[in-house]
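Chains A and B, in that order, give the protein sequences. So in numbering that gives the first Met the number 0 the end of the first sequence lands on 317, straight run, no missing numbers. So in numbering that gives the first Met the number 0 the end of the second sequence lands on 316, straight run, no missing numbers.
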Amino acid sequence: MTSLLELTGVDKTFVTDRGPVRAVRRMSMTIGEGEVVGLVGESGSGKSTIANLVLGLEQADGGRIRFRGRDVGEWLDDEEAGYRQAVQAVFQHPFQALDSRKRVGWLVAEPLVIHRRGNSRERGERVRELMADVHLDPSLVDRYPHQLSGGQAQRVNIARALALEPSLLVCDEPVSALDVSVQAQILNLLLEINRERSMAMLFISHSLPVVRHLSDRIVVMYAGTAVEEGPGGEVSDRPTHPYTQLLVSAASVITGDRGPGRGTMREAIPSEGCRFVPRCPVAIDRCSAEEPSLDELQEGHSSRCWLASDLSRRGVGG
Amino acid sequence: MSLLAVEDLTVTYPGGRRPAVKGVSLEIESGRTLAVVGESGSGKTTLALALAGLLDRRARRHASRLEINGEDLLAAGRRRWRQLRRTDISFIFQSPINSWNPTRTMIAQVRDAMSAAGHAGRMPELMDLLARVGFEDPERRLADLPHQLSGGMLQRVSIAVAVIIEPALLIADEPTSALDSTVQSEILAILGELRSEADLAMLIISHDLSVVARVADDVMVLYGGKVVEQGARAAVLGSAVHPYTRGLLDSVPRLDGDRKILLPSMEPGHLPASGCPFAPRCRLVVDDCRRVEPDLIPINDTLAACPPAASSALITT
Chain A
0 MTSLLELTGV
10 DKTFVTDRGP
20 VRAVRRMSMT
30 IGEGEVVGLV
40 GESGSGKSTI
50 ANLVLGLEQA
60 DGGRIRFRGR
70 DVGEWLDDEE
80 AGYRQAVQAV
90 FQHPFQALDS
100 RKRVGWLVAE
110 PLVIHRRGNS
120 RERGERVREL
130 MADVHLDPSL
140 VDRYPHQLSG
150 GQAQRVNIAR
160 ALALEPSLLV
170 CDEPVSALDV
180 SVQAQILNLL
190 LEINRERSMA
200 MLFISHSLPV
210 VRHLSDRIVV
220 MYAGTAVEEG
230 PGGEVSDRPT
240 HPYTQLLVSA
250 ASVITGDRGP
260 GRGTMREAIP
270 SEGCRFVPRC
280 PVAIDRCSAE
290 EPSLDELQEG
300 HSSRCWLASD
310 LSRRGVGG
Chain B
0 MSLLAVEDLT
10 VTYPGGRRPA
20 VKGVSLEIES
30 GRTLAVVGES
40 GSGKTTLALA
50 LAGLLDRRAR
60 RHASRLEING
70 EDLLAAGRRR
80 WRQLRRTDIS
90 FIFQSPINSW
100 NPTRTMIAQV
110 RDAMSAAGHA
120 GRMPELMDLL
130 ARVGFEDPER
140 RLADLPHQLS
150 GGMLQRVSIA
160 VAVIIEPALL
170 IADEPTSALD
180 STVQSEILAI
190 LGELRSEADL
200 AMLIISHDLS
210 VVARVADDVM
220 VLYGGKVVEQ
230 GARAAVLGSA
240 VHPYTRGLLD
250 SVPRLDGDRK
260 ILLPSMEPGH
270 LPASGCPFAP
280 RCRLVVDDCR
290 RVEPDLIPIN
300 DTLAACPPAA
310 SSALITT
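Printed below as a string of structure tokens:
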């Protein structure tokens with residue numbers, strides 16, 4: 000698969016009242032044409048910063064982000080190049096992303112107006128097509144956002160994102176604010192879009208089962224960097240990093256036992272060695288002294304853990 | 000004897016086409032947890048507010064029985080409810096950051112809560128409890144303002160304060176929905192542990208069946224203000240018969256599920272003015288469902304308000 004988006008050694012540090020925070024550290028990952036890559040991690044892991052960097056909403060301090068082989072910064076400087084059309088986004092809160100004073104028809108047409116696509120009759124036609132594509136009833140075209148359900152509002156956001164036929168859709172927690180049955184609907188829709196248009200997606204979520212449902216490949220992020228990466232089934236069925244194993248055991252097992260115990264909560268993430276050490280059930284001395292690199296265990300499946308090959312043999316909870 | 004007993008509770012808001020909660024009956028014994036499952040608009044939050052005497056003044060409440068600890072509360076006034084909430088009923092809310100005043104330190108707010116409940120002298124015990132649930136050096140951390148603590152830490156403080164005043168009833172409204180999945184399971188484990196130690200009755204409200212699976216003894220599924228199915232945890236999660244419960248269970252993405260099998264279609268619709276509230280979305284719907292509001296009947300291992308499910312259960316078993 001040719002790579003559409005490539006992050007190499009990306010760094011991003013934010014300056015806060017309490018000193019600098021390294022949100023993203025030497026992060027590398029790729030997304031192929033038409034590929035769905037799930038990025039999973041907890042609050043503060045840096046996953047939303049990755050979305051913002053890819054969208055050009057933040058600038059990286061180091062490393063490179065390339066889209067179709069060309070630096071994202073260059074794409075953005077060259078307004079004619081169309082990066083903002085090629086890469087679109089859907090965010091977590093469906094209503095916050097919509098102007099409450101505009102009707103659905105206007106909202107879906109807005110990207111077409113901004114990028115001067117078609118005349119008003121053609122745009123009207125395109126709005127109807129887009130609404131049909133995301134399974135929105137045509138009668139909703141004159142509604143205001145507050146007259147929509149959360150699921151309908153998120154469909155409007157998806158229709159807006161599709162309007163310019165992007166090659167990459169960045170979805171940052173697109174279903175976490177929705178009810179369970181509506182979540183399922185939106186996930187179905189995203190799958191359908193990926194299949195029918197072979198549109199690549201960067202799908203970001205804190206929930207491993209949600210990511211697993213959609214993704215060809217999964218990247219697990221912890222404390223600003225990738226700790227495990229591999230094909231969706233491999234990562235969730237045979238996790239090799241202790242953090243991924245924790246995510247798997249925390250995942251919903253509805254009819255099974257009551258899940259893992261409470262473990263230990265530590266707020267401080269160490270500034271050297273493996274960042275997961277304070278929460279790790281298997282850490283050895285070497286882990287605090289030296290941070291492991293992201294090494295391939297078998298083709299396409301990598302892990303940032305000194306003990307990864309042992310853990311992959313033992314499996315979850317071993 | 001049940002710690003909490005409610006019979007035929009109906010709550011109507013002015014201008015509402017249907018009651019927000021209709022004919023709900025439930026009982027919880029000390030040491031047991033009842034999970035109320037429902038999505039937006041199911042009436043689950045109205046139910047919780049009614050049980051804590053926190054309904055909006057304009058809401059109309061009817062019930063044939065409402066008892067906590069054997070005390071009849073049908074006629075209880077605002078003052079009695081306020082007392083109960085200080086000493087007998089604790090609440091944990093969904094959004095940890097909105098539960099605390101952003102301009103005051105945590106320690107000041109925690110002290111206020113403790114003295115309001117008449118437990119000002121038990122601050123050292125609270126610190127011990129916080130240490131037990133994962134706070135290193137709780138006194139130092141509580142000197143912070145709420146925004147300086149993570150959601151998981153704030154929720155730990157809420158739980159510790161809610162439990163240490165030794166309430167009879169703990170109502171937790173979506174206590175983990177705003178948290179990461181690993182933090183979620185930690186918080187649920189803490190809740191479960193403290194609940195069994197304190198032997199209190201817990202009502203947990205959630206739309207998330209994986210949460211319910213971890214903490215509940217009994218489960219009640221609400222749809223459109225009505226109980227559509229109820230039973231023991233294993234029965235509801237393992238052999239539910241109501242089409243809504245089944246749909247909810249099938250909607251949850253699972254790690255062991257086949258990838259890219261589409262989840263079932265369950266887009267919410269408008270609630271009908273009469274008949275079964277779920278009828279417009281239901282795959283088992285028959286004409287009667289639109290006319291007659293079904294009552295709970297025993298089907299297999301649960302109680303479910305669905306006559307068509309009863310007949311198909313007869314055929315399949």
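Note that the Cβ used here is the ideal one computed from N, Cα and C, for glycine as well.
Residue i burial status per 10 Å Cβ neighbour count (16 or more: buried)
i                : result
Pro173 (chain A) : buried
Asn156 (chain A) : buried
Arg303 (chain A) : buried
Phe13 (chain A)  : exposed
Ile88 (chain B)  : buried
Ile203 (chain A) : buried
Asn193 (chain A) : buried
Glu41 (chain A)  : buried
Ala160 (chain A) : buried
Val182 (chain B) : buried
Asp178 (chain A) : buried
Val23 (chain A)  : buried
Gln58 (chain A)  : exposed
Pro101 (chain B) : exposed
Ala74 (chain B)  : exposed
Ala215 (chain B) : buried
Ala197 (chain B) : buried
Ala288 (chain A) : exposed
Ile30 (chain A)  : buried
Pro319 (chain B) : Any question about residue 319 (chain B) goes unanswered here, given that chain B covers just 0 to 316.
Val251 (chain B) : buried
Ile296 (chain B) : exposed
Start and end residues, alpha helix (DSSP H) containing residue i
i                : result
Leu247 (chain B) : 242 to 250
Val219 (chain B) : As written in the sequence, residue 219 (chain B) is Met, which differs from the Val given in the question. Not the alpha helix (DSSP H): Met219 (chain B) falls in the beta strand (DSSP E), residues 217 to 222.
Ile185 (chain A) : 179 to 196
Leu33 (chain B)  : Not the alpha helix (DSSP H): Leu33 (chain B) falls in the beta strand (DSSP E), residues 32 to 36.
Ile106 (chain B) : 105 to 115
Pro241 (chain A) : 241 to 249
Ser287 (chain A) : 284 to 288
Thr44 (chain B)  : 43 to 50
Ser209 (chain B) : 208 to 214
Ala49 (chain A)  : Note on identity: in this sequence residue 49 (chain A) is Ile, with Ala being the wrong assignment. Note, Ile49 (chain A): alpha helix (DSSP H), 46 to 53.
Leu83 (chain B)  : 77 to 86
Bridge-paired residues (DSSP) for residue i
i                : result
Tyr221 (chain A) : A:Thr224
Arg216 (chain A) : A:Val36, A:Pro230
Glu70 (chain B)  : B:Ile67
Arg63 (chain A)  : A:Thr7
Phe202 (chain A) : A:Gly37, A:Cys170
Leu229 (chain B) : The question names Leu, yet the displayed sequence has Gln at residue 229 (chain B). The partner list for Gln229 (chain B) (beta bridge, DSSP) reads B:Met219, B:Leu302.
Glu6 (chain B)   : B:Arg64
Asp70 (chain A)  : A:Arg65
Met26 (chain A)  : A:Val9
Pro297 (chain B) : B:Leu302
Ile91 (chain B)  : B:Ala171
Pro19 (chain A)  : A:Val14
Residue range of the beta strand (DSSP E) that includes residue i
i                : result
Leu296 (chain A) : 294 to 297
Gln87 (chain A)  : 86 to 89
Pro13 (chain B)  : Element bounds for Pro13 (chain B): n/a, residue is neither H nor E.
Arg60 (chain B)  : 59 to 61
Lys21 (chain B)  : 20 to 27
His300 (chain A) : 300 to 302
Margin query: In chain order, what are the residue ranges of uninterrupted beta strand (DSSP E) at least 3 long that sit wholly in the region 113 to 175 of chain A?
Written below: 167 to 171
Note to self: Residues of the region 166 to 185 of chain A in Cβ contact with chain B at a cutoff of 8 Å, in chain order, please.
What the structure shows: Correct list: Asp178, Val179, Ser180, Val181, Gln182, Ala183, Gln184.
Checklist line | Secondary structure, alpha helix (DSSP H): runs of 4+ residues fully inside the region 122 to 205 of chain B | finding: 122 to 131, 137 to 140, 150 to 163, 180 to 197
Check: Got a sec: which bits of the region 202 to 228 of chain A sit with their beta carbon under 7 Å from any beta carbon on chain B, in order along the chain?
Finding: His205, Ser206, Leu207, Pro208, Val209, Arg211, His212
Item checked: Residues within the region 184 to 218 of chain B neighbouring chain A, beta-carbon criterion of under 9 Å -> Ser184, Glu185, Ile186, Leu187, Ala188, Ile189, Gly191, Glu192, His206, Asp207, Leu208, Ser209, Val210, Val211, Ala212, Arg213, Val214
Check: When you check each C-beta in the region 227 to 253 of chain B against every C-beta of chain A, which residues fall closer than 7 Å?
Finding: Identification of residues in the region 227 to 253 of chain B having a C-beta nearer than 7 Å to some C-beta of chain A yields Leu236, Gly237, Gly246, Leu247, Leu248, Ser250, Val251, Pro252, Arg253, given in sequence order.
Checklist line | Residues of the region 38 to 64 of chain B whose Cβ lies closer than 7 Å to any Cβ of chain A, in chain order | finding: Glu38, Ser39
Check: When Cβ atoms are compared, which residues of the region 282 to 306 of chain B fall closer than 9 Å to chain A?
Finding: none
Margin query: Against chain B, which members of the region 24 to 52 of chain A pass a CB distance test of less than 7 Å?
Written below: Glu41, Ser42
Checklist line | Contact residues within the region 165 to 181 of chain B, judged by C-beta distance below 7 Å to chain A | finding: Asp179, Ser180, Thr181
Item checked: Proximal residues, the region 228 to 253 of chain A versus chain B, C-beta separation under 9 Å -> Within the region 228 to 253 of chain A, the residues whose Cβ lies closer than 9 Å to some Cβ of chain B are Gly231, Gly232, Ser235, Asp236, Tyr242, Leu245, Leu246, Val247, Ser248, Ala249, Ala250, Ser251, Val252, Ile253, listed in chain order.
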